Amino acid sequence: MARTRTRRLRRAGGLTAVTCAAALSAITLPAHAAPEGRILGAGQPGSVSGSYLVTLKGGTKAPSAAGKDLAETYGAKISHTYGTVLNGYAVQANERQARRLAADSRVASVVQDTRVALGPVSKVAPAGRRPARTLAAPGESPSTSSTRASARHAESTHQTPPGPPSGRTTPLSTQALDHTQKNPPSWGLDRIDQRNLPLNKNYTWPESGGAGVTVYVIDTGIRTTHKDFGGRASHGWDFVGNDRTANDGNGHGTHVAGTVAGTTYGVAKKAKVVAVRVLDNAGAGTTARVIAGIDWVTKHARKPAVANLSLGGYYNAQLDAAVRNSIASGVTYTVAAGNDGLPAGLYSPAGVPQAITVGATDRQDTKPGFSNFGAALDLFAPGVAITSASHTSNTSRATFSGTSMASPHAAGAAALYLADHRKATPAQVGKALVAQAASGKVSGRGLGSPNKLLQVPR
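When we follow the working numbering, the leftmost residue of the sequence shown carries the number 25, and every step to the right adds one.
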């Protein structure tokens, strides 16, 4: 009996020792760490902390349940889903979650989100007042934003009273049937219908006037009720407020749209414009949001269609890919070269070869110092002291400067061409505008820049 009890105690002691050893092993041996991948563009200038652009491989569709589950598996929250120009989505996640997501075999890439903005807006005050820089991208003070090295599309602005300038502009309804506008309120219109200076105080455009073409203004929204649009402006989608009303609280988008298709201020006076809001009232946004706008345009475009991007940021591979893929779907893109006085190819989307990239000129056909330049440009267009519609009332106007103002001149010209060549591809539209452009007119254009000045089709 005593021998049996002793044997049982030894057996129990042995089991206890094994159990303790196993427990200690579990505590002291390192666990296998979850694999982590690479985040492209991590920490680069203009990065948006905690926001990433995820592209999936072909076997998994981003809008599918499997695609959504993939992000959730790693604790990432989807903010935008792309199903047209990219197979992927934008997510909110911490860096560790993003790296684990990047390591998944179903993921092609994870790219750091970047800021996209118009930059600080310098308002040209009435005589005797000093200009004031008041707006900055999120997280920046006005002083730091005015010196940051980003693709600043900084526009100088001058607000003017409602209505056309007295004694200057002839209302379109009273003009002759030869489609000539006398004394256009913007010198830019006067310049793009004649090959040589001096200006003749007329703007003549093709009979179609861009009728049947839709231009998507991916920007700060549009005041669609402005009388200069004559009912041809409508809302697409607001990716800031996430609703169907893309109102303009900044003024930039309305000004751009007016240059594209305004009855008084516009190049293509019969084209339609659609507001796609991706920038907030301060003119700031993210690449993730801009891609969402491009994705929406690509899916909903009523062709023939043009899209204008008077915005920019540091190079971002996903943004460039989105623009390329949208162009491949048949949408012609005009993009601003940027206002840093540097090679446009350094920035997105200005460096996309398939887009029509536009630099700015002044009244003397000279490139202003702010305009980006280089081989990435396709042509130049008026971009200094351009008058167009304002968001402050249904009849107000404003005068802005920047490559943001040059690009919509080209968008309007593209609409004029497409109205008469409805089956033209984006590549054909771009070639036609470059071929029609006036050669040898631009001075101080910058190394590698084409000496081409926009002219409307005839």
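Note that beta-carbon positions come from the ideal geometry of N, C-alpha and C, so glycine has one too.
Since the structure is predicted, the reported quantities are computational estimates derived from the model, not experimental observations.
| query | result |
| --- | --- |
| CB-CB length for A141 against A308, believed under 8 Å | 4 Å |
| T411 and P209 closer than 8 Å at C-beta | yes |
| Host beta strand (DSSP E) of H104 (start-end) | K101 to Y106 |
| Between the CA atoms of L343 and S372 - distance to the nearest angstrom | 7 Å |
| Contact check, V135 vs L213, beta carbons under 8 Å | no |
| Whole-angstrom distance between I246 and G265, CA atom to CA atom | 14 Å |
| For T288, the nearest candidate out of N340, T204 and T390 (CA to CA) | T204 |
| Residues of its chain near V330, where Cβ-Cβ distance is below 6 Å and the 5 sequence neighbours each way are ignored | V239, T356, A435, A438 and A439 |
| Contact set for R219: own chain, Cβ-Cβ below 6 Å, skip 5 residues either direction | A462 |
| Burial state of M25 (16 or more Cβ within 10 Å) | Because the pLDDT of M25 is 47, which lies under 50, any placement of that residue in the model is unreliable, and the question is left without a value. |
| Span of the alpha helix (DSSP H), counted from its first residue to its last, around H324 | T311 to H324 |
| Assigned secondary structure, I63 (DSSP; H/G/I helix, E/B strand, else coil) | coil |
| Limits of the alpha helix (DSSP H) - the one that Q121 falls within | E119 to A127 |
| Start-to-end residues for the alpha helix (DSSP H) that takes in I216 | That residue, I216, is in no alpha helix (DSSP H); it is neither H nor E in DSSP. |
| Burial state of R421 (16 or more Cβ within 10 Å) | buried |
| A459 classed as buried or exposed, judged by whether at least 16 other C-beta atoms fall within 10 angstroms | exposed |
| Within 8 Å, strictly: CB atoms of L403 and V382 | yes |
| Length of the line joining the Cα atoms of T108 and Q388 | 43 Å |
| Span separating the alpha-carbon of N340 from that of G82 | 21 Å |
| Burial state of S73, where buried means 16 or more other Cβ atoms lie within 10 Å | exposed |
| Start and end residues, alpha helix (DSSP H) containing I351 | A341 to A352 |
| Anticipated Cβ contact below 8 Å, A443 with A235, distance rounded | 6 Å |
| Sequence-distant residues of the same chain with beta carbon closer than 7 Å to S133, five excluded per side | L64 and T79 |
| Straight-line gap, N111 to D262 (C-alpha atoms, nearest Å) | 21 Å |
| Cα-Cα separation between S129 and A270, rounded to whole angstroms | 38 Å |
| Reduced DSSP category for H259 - H, G, I as helix; E, B as strand; rest coil | strand |
| Alpha carbon of A360 to alpha carbon of V115, nearest angstrom | 27 Å |
| Sequence-distant residues of its chain with Cβ nearer than 7 Å to N118 (five each side left out) | G74 |
| Range covered by the beta strand (DSSP E) that runs through G383 | I380 to T385 |
| First and last residue of the uninterrupted alpha helix (DSSP H) at Y441 | T427 to D444 |
| Three-state class that DSSP yields for L457 in the structure shown | helix |
| Local conformation of T419 per DSSP, three classes | coil |
| Bounding residues of the beta strand (DSSP E) (the contiguous stretch that carries A413) | I410 to A413 |
| Residue burial classification, A50 (beta-carbon count within 10 angstroms, cutoff 16) | Bear in mind that a pLDDT of 43 at A50, under 50, signals an unreliable position, so the number given afterwards is only what the model happens to contain. With fewer than 16 Cβ atoms within 10 Å of its Cβ, A50 is classed as exposed. |
| Identified DSSP bridge partners for D252 | Bridge partners of D252: none, in fact. |
| For D267, the residue or residues it bridges with in DSSP | D262 |
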